[in-house]
Amino acid sequence: MGLKTPLYDLHVAQGAKIVDFGGWDMPLHYGSQLEEHHAVRRDAGMFDVSHMAVLDLTGGRCREFLRMLLANDVARLEEFGKALYTCMLKPDGCVIDDLIVYLVADTWYRLVVNAGTRDKDLMWIQARAAEFGVTVLERKDLAMIAVQGPNARLKVAALLAPAQQAAALELKPFTAAAFGSWFVARTGYTGEDGFEIMMPAADAATAWQRLLERAVQPAGLGARDTLRLEAGLNLYGNDMDEQHHPLESGLAWTVAFEPEERDFIGRAALQRARELDCDRLVGLLLEERGVLRSHQRVLAAGVAREGMVTSGTFSPTLNRSIALARVPSTTGAAVQVEIRGKLHAARVVKPPFVRCGKAMIEI
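Just so you know, numbering that gives the first Met the number 0 puts 143 at position 144 of the sequence shown, and the rest follows in order with no gaps.
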């Protein structure tokens, strides 16, 4: 038996197929992964993401601490509620985890980290926080629901008090605000608009039921993966990990090398890596029948070293097989992928594949 979120009993009652995910019993789907995927692209779907860890960091030197801890620069967060996507790195520049950090108040930042890396993240952060007088509190009292899709924000706003609805709808992307005991963020992991809501665990079941009444489709891990891959979003453990740095994981944009005097963990290693001919993370579109999966070999004419698919799936929106792959920098526009011992032609493309329900690449 794994760990359970406050919504576990509802998932079972709604007929979800439950699987182990990083030690948590989580819904894979509720009958049709395909229907759940299309609901998010066309209307609104909701995901239980309460397994993710919410960490509140407080203290007078919190900003200074996070500028050292994270590859992106929290000094860019100049307004309360603003959010920043970043990686947390080892001294060798490789990725411990990717996360979102929110500026809540002058001496209060909120981090949302991945479920599978929760324990090592906490140990890493706590081991360095004491020197700065920073307190780290894991918010086990909170649940988290992501509502995504073109109609998602309107359906979430309907759950708020009338006086709060306009303010919620006016939130800008990568911004959050408190509405009573709910912390509502205009963020997501699907390539669609929507909200991620952190709320008291006691509120979660009622909120889920009220969203059901507004025809929001429950969606599981399966649809979450096809949606995020269509959106070209990395998955920790596949597209980035402790053996690869952000520059070879399509995440150079998350590293703030300016100002030069900011000495974050992993900076020296990344500066050296910038001078090397690093591998790069690219998108692949399969030109033939078949399904791309992680760990498949990627070969290119005239390139001695092989690449590898890091994440692959069949795209319900494009009706084609797509993937992210780490390949040598000299790889051109055409490659071959080995699927079950046979080579299949694929085209190198720039992610995202889909954004806001529309194809972003030429099919």
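Don't be surprised by glycine CBs; every beta carbon is placed ideally from N, CA and C.
Quick caveat: nothing in here was measured; it's all calculated off a predicted structure.
So, do the region 15–29 and the region 209–229 have three or more beta carbon pairs nearer to each other than 8 angstroms?
yes
Report yes or no: do three or more beta-carbon pairs, one from the region 241–257 and one from the region 88–105, lie closer than 8 angstroms?
yes
Are residue 328 and residue 271 touching if we call contact CB-CB under 8 angstroms?
no
Have a look at the DSSP bridge pairing and note the partners of residue 147.
44, 193
Which partner residues does residue 285 have in the DSSP bridge list?
As computed with DSSP, residue 285 is found in a beta bridge with 345.
C-beta atoms of residue 320 and residue 237 nearer than 8 angstroms:
no
Test item: CB-CB of residue 102 and residue 112 under 8 angstroms:
No, these two residues do not count as a Cβ contact at 8 angstroms.
Quick one: give me the first and last residue of the alpha helix (DSSP H) that residue 10 is part of.
7–12
Stretch pair the region 178–195 + the region 146–163: three plus CB contacts closer than 8 angstroms
yes
Cβ-based burial, residue 201 [other Cβ within 10 Å; buried from 16]:
exposed
Residue 7 versus residue 72: straight-line alpha-carbon distance, rounded
36 angstroms
Are the region 73–86 and the region 160–178 touching by the rule of at least three beta carbon pairs closer than 8 angstroms?
yes
Find the nearest neighbour of residue 136 within the set 338, 61, 14, 15, judged by alpha-carbon distance.
Among 338, 61, 14, 15, the Cα nearest to that of residue 136 belongs to 61.
Tell whether a beta-carbon distance below 8 angstroms holds between residue 134 and residue 58.
yes
Taking all protein chains shown into account, decide if residue 282 is buried (16 or more other Cβ within 10 angstroms of its Cβ) or exposed.
Residue 282 is buried by the Cβ-count criterion.
Hey, residue 338 and residue 265 are a contact pair by Cβ (cut 8 angstroms); roughly how many whole angstroms apart?
Not quite, the Cβ-Cβ distance comes to about 35 angstroms (not below 8 angstroms), so this is no contact.
Measure the CB-CB distance between residue 203 and residue 5 and report whether it falls below 8 angstroms.
yes
Considering Cα atoms alone, identify which of 119, 56, 141 is closest to residue 104.
When only C-alpha atoms are compared, the closest one is 56.
Take every Cβ of the region 223–236, pair it with every Cβ of the region 306–326, and state whether three or more of those distances are shorter than 8 angstroms.
yes
For the region 134–182, which segments carrying the alpha helix (DSSP H) assignment without a break, of at least 4 residues, lie completely within its bounds, in sequence order?
151–156, 161–168
Ordered list of beta strand (DSSP E) runs contained in the region 61–134, each at least 3 residues
82–88, 94–104, 107–112
Sort out for me which residues DSSP pairs residue 188 with in a bridge.
Residue 188 pairs with nothing; no bridge assigned.
Go ahead and label residue 326 buried or exposed: buried means 16 or more other beta carbons lie within 10 angstroms of its beta carbon, across all protein chains shown.
buried
Can you tell which of 195, 33, 63 has the C-alpha that lies nearest to the C-alpha of residue 106?
Distances from the CA of residue 106 to each of 195, 33, 63 were compared; the closest alpha carbon is that of 63.
Check the C-beta distance from residue 66 over to residue 261 and give it rounded, since I have them as a contact under 8 angstroms.
6 angstroms
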